[in-house]
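Student: Okay, here's the structure, questions in a sec.
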């Protein structure tokens, strides 16, 4: 197959022509494969030429051929057989002699189909058939000559053998050889060259390869609200378990913003994830909602959803008996169309059958037959008229029934069950203002300038629902729905109320909850509501020491925790599978495990990657961390601008301004000055004001200003920690060393520190000190900035 010429020469020779070309085809295909080509330029040693050179090393070639030896031997055997058959064909063709009897036989044999084809294609069979007979006789005579003459017979046999080799044997062998070659080439690419190229690329990339960003498929980050990318969590299982423990009730879901409360509620009301025939309604509670308006909206949504479940039309309500104008117009138009169609049809039938009927009448109708039919019809008509005169009441009743049945029916009976009819009526009354008026005019024609008359008009309007009536009717309708669904389908009613925490502060939300709690507590009806953390905390503290409205409104509470590292990995594995572990840990730490921020930071990471065209973690992480810090400090500057400042506080504001300006600059954010200022802000939670002169007085910063500065310092300390962990090279080794501290070296601690920033900057600092110690970093140490 291939031979090694010696260690000094380090090259190979190929026994068969074409093997090197086929191997080159496999190498070029593997070099262009996405999993190999995407690594070109990731690091300096990884180039296309370097990978191609490795593919032509002797050890590489030997391994590739050895792993596909069986298919290669089959291909070479088929190629050898095809070459032998081709050689036999060439030798037989050279020995073949075409004498005149064989030429005549072939000519006569080919002339017959040629003549028939020309005759059928151009003359449509008009030519005479004597030529075909001549050709057939000539072919028969030359055939007898070939059989009788031994030499001609031998040459004919040789011609038949050459034809067989040319038309059947040689193409079959070539096809078999090509199939064997394709099978070997496919195995060579997939099972030999490509796996070894992966090893070569892995070797060229060196250590810490997970720090390279490879962005392939990330559609789940673009379409963040698509339920197809939702990953089941422990919170979903807990909520479903809580629903199975009670026969109807109110379950609140609370947690930080962005933790996935809306997604969880949508998932529990999604038709694909709920039980069959469950009536699920999802509604949001926008800000400044009055309880009565909210209940009206919820009432209408429940009615519409129920009608949709039974495929009924919510517009057909049948509340009024009066005829609608559009229905009259539609009826008239349909009647006119029917009459026109009837007239056209009768005219066409008359035109089609009129002549035939006239011919039958003229041939078979005699005067005696016509007179007999006329007398019979006249007698029958007289009989009917006499009976109508003799029995006026019976004929009147019959005609009345027929006329009543012929009148158009404007009152339409509603389809479906009575409960659906109630939903239609409620829905119509909730969303329309009903009014009915009647006018009666009586008068006499004027007689000698005297006119007498009377007029009377009556108008009726429906009264809107009052809040107690609305609550009562809604509860009754829900009870009927729950009983019907449970009895017929063994299903339930699930109503999810989202964004209840957008109503304002906690007292407003609790007041709103207290006003609408009258619709809670229905058997078979489950209310799932999302509330703010403080409302959930009030439910947890029920009875200690004061009683809250949540105690009587809620039956259970589910606190939605931010995602753990494992759950963040699962979420990103579905939405962006190409993100490796270091990037998942970075995004998890930045977001604190909050899913909304996790997706937002993942999109930002890909944006930074496309913008800078960099793939290393040590290049991408600092950009993301410092940009986030710049936005955070800009927000603190806005809040500090609302405070009263004196000239003594100008250096603090200027220091913050300079740091934000450095962080906003792509060229200066990674410089020494920016890092020095970040470290100074992180290590000095108490602002250092300049010393006042002896004859001047200085006012210390207010408590609010000091609190804002301490929060900004804690955020800088958190960003400085992330920068030192993810922004330095050799992340994998440092990560393994950090795992020696099981508690503080866990990446989840970074997310917990991010969450702790929302509670207290002081407790967050303590947590960050422990994390830094586990990662081999020095803790916070206040120092004086030389500037």
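In our numbering, the protein residues as written are -5 to 781. Where is the CB? At the ideal position from N, CA and C, for every residue including glycine. Since the model is a prediction, treat every value here as computed from it, not as a measurement.
Is DSSP giving residue 326 helix, strand or coil here?
Tutor: Correct three-state label for residue 326: helix.
Student: Nearest by alpha-carbon distance to residue 46: which of 22, 37, 57 is it?
Tutor: For the residues 22, 37, 57, the minimum Cα distance to residue 46 belongs to 22.
Student: Roughly how many angstroms separate the alpha carbons of residue 566 and residue 718, rounded to a whole number?
Tutor: So the two alpha carbons sit approximately 24 Å from each other.
Student: Check each candidate in 523, 561, 48, 246 and name the one with the smallest Cα separation from residue 227.
Tutor: Closest option to residue 227, Cα to Cα, is 561.
Student: In the structure shown, what three-state DSSP assignment does residue 436 receive?
Tutor: In this prediction, residue 436 has a pLDDT of 49, which is less than 50 and means its spatial position is unreliable; what the coordinates show is noted afterwards. Correct three-state label for residue 436: strand.
Student: Going residue by residue through the segment 540 to 617, where are the continuous alpha helix (DSSP H) segments of at least 4 residues, counting only ones entirely within it?
Tutor: Runs found: 543 to 547, 559 to 569, 575 to 585, 589 to 606.
Student: Please return the same chain residues whose Cβ sits closer than 7 Å to the Cβ of residue 301, not counting the five positions on each side in sequence.
Tutor: Counting only Cβ-Cβ distances below 7 Å, and skipping sequence neighbours, we find 308, 414, 417, 418.
Student: If you reduce the DSSP assignment to three classes, tell me which class residue 492 lands in.
Tutor: Three-state DSSP puts residue 492 in a strand.
Student: Using the beta-carbon count (16 or more within 10 Å), is residue 214 buried or exposed?
Tutor: It counts as buried.
Student: Is the beta carbon of residue 663 sitting closer than 8 Å to the one on residue 715?
Tutor: Contact flag unset, no.
Student: Could you give the C-beta distance for residue 741 and residue 584, rounded to a whole number, given that I count them as a contact under 8 Å?
Tutor: At roughly 12 Å, the Cβ-Cβ gap does not stay under 8 Å, so residue 741 and residue 584 are not in contact.
Student: Is the segment 588 to 607 in contact with the segment 694 to 705, if contact means three or more CB pairs nearer than 8 Å?
Tutor: Too few Cβ pairs lie closer than 8 Å, so no.
Student: Quick one: using the 10 Å Cβ neighbour count with 16 as the cut-off for buried, is residue 230 buried or exposed?
Tutor: Burial call: buried.
Student: What's the gap between the Cα of residue 645 and the Cα of residue 510?
Tutor: Roughly 53 Å separates the two Cα atoms.
Student: With a Cβ-Cβ cutoff of 8 Å, do residue 174 and residue 20 count as a contact?
Tutor: No, the Cβ-Cβ distance between residue 174 and residue 20 is not below 8 Å.
Student: Who are the Cβ neighbours of residue 295 in its own chain at under 7 Å, not counting the five residues just before and after it?
Tutor: Around residue 295: 275, 277.
Student: Give the range of the alpha helix (DSSP H) segment to which residue 760 is assigned.
Tutor: It spans 755 to 768 - the alpha helix (DSSP H) in which residue 760 sits, taken as one unbroken run.
Student: Determine which residues share a DSSP beta bridge with residue 276 and list them.
Tutor: Residue 276 pairs with 490.
Student: Helix, strand or coil for residue 736 per DSSP?
Tutor: Coil, per DSSP.
Student: In terms of residue numbering, what span does the alpha helix (DSSP H) encompassing residue 719 cover?
Tutor: Run containing residue 719: 697 to 720, per the alpha helix (DSSP H) assignment.
Student: Throw me the rounded Cβ distance for the residue 261 and residue 209 pair, which I believe falls under 8 Å.
Tutor: Not confirmed; about 28 Å, so no contact.
Student: Roughly how many whole angstroms lie between the Cα atoms of residue 512 and residue 721?
Tutor: The alpha-carbon atoms of residue 512 and residue 721 are separated by roughly 56 Å.
Student: Mark residue 651 as exposed unless 16 or more other C-beta atoms lie within 10 angstroms of its C-beta, in which case mark it buried.
Tutor: Burial call: exposed.
Student: Just curious, the alpha helix (DSSP H) that residue 166 is in, first and last residue?
Tutor: Here the alpha helix (DSSP H) through residue 166 covers 164 to 181.
Student: How would you label residue 304, buried or exposed, when you count the other beta carbons within 10 angstroms and need 16 or more for buried?
Tutor: With fewer than 16 Cβ atoms within 10 Å of its Cβ, residue 304 is classed as exposed.
Student: I'd like to check one pair, residue 656 with residue 667: are the Cβ atoms closer than 8 Å?
Tutor: Yes; because the gap between Cβ atoms is below 8 Å, this pair is in contact.
Student: DSSP beta-bridge partners for residue 243?
Tutor: Answer is 520.
Student: Starting from residue 248, follow its DSSP beta bridges and name the residues at the other end.
Tutor: Paired residue(s): 525, 553.
Student: Which one or two residues does DSSP pair with residue 206 in a beta bridge?
Tutor: According to DSSP, residue 206 bridges with 610.
Student: So what does DSSP say about residue 506, is it helix, strand or coil?
Tutor: Correct three-state label for residue 506: helix.
Student: Determine the extent of the alpha helix (DSSP H) in which residue 261 is found, giving its start and end residues.
Tutor: Note, residue 261: alpha helix (DSSP H), 255 to 263.
Student: Buried or exposed: which applies to residue 371, given that a residue is buried once 16 or more other Cβ atoms fall within 10 Å of its Cβ?
Tutor: Exposed.
Student: Roughly how many angstroms separate the alpha carbons of residue 574 and residue 673, rounded to a whole number?
Tutor: The alpha-carbon atoms of residue 574 and residue 673 are separated by roughly 29 Å.
Student: Could you check the C-alpha separation between residue 633 and residue 697 for me, to the nearest Å?
Tutor: Computed Cα separation, rounded: 14 Å.
Student: Buried or exposed: residue 506, going by 16 or more other Cβ atoms within 10 Å of its Cβ?
Tutor: Its Cβ being crowded by 16 or more others within 10 Å, residue 506 is buried.
Student: So residue 768 packs on residue 738, CB below 8 Å; how close in whole Å?
Tutor: That pair is a contact at about 4 Å.
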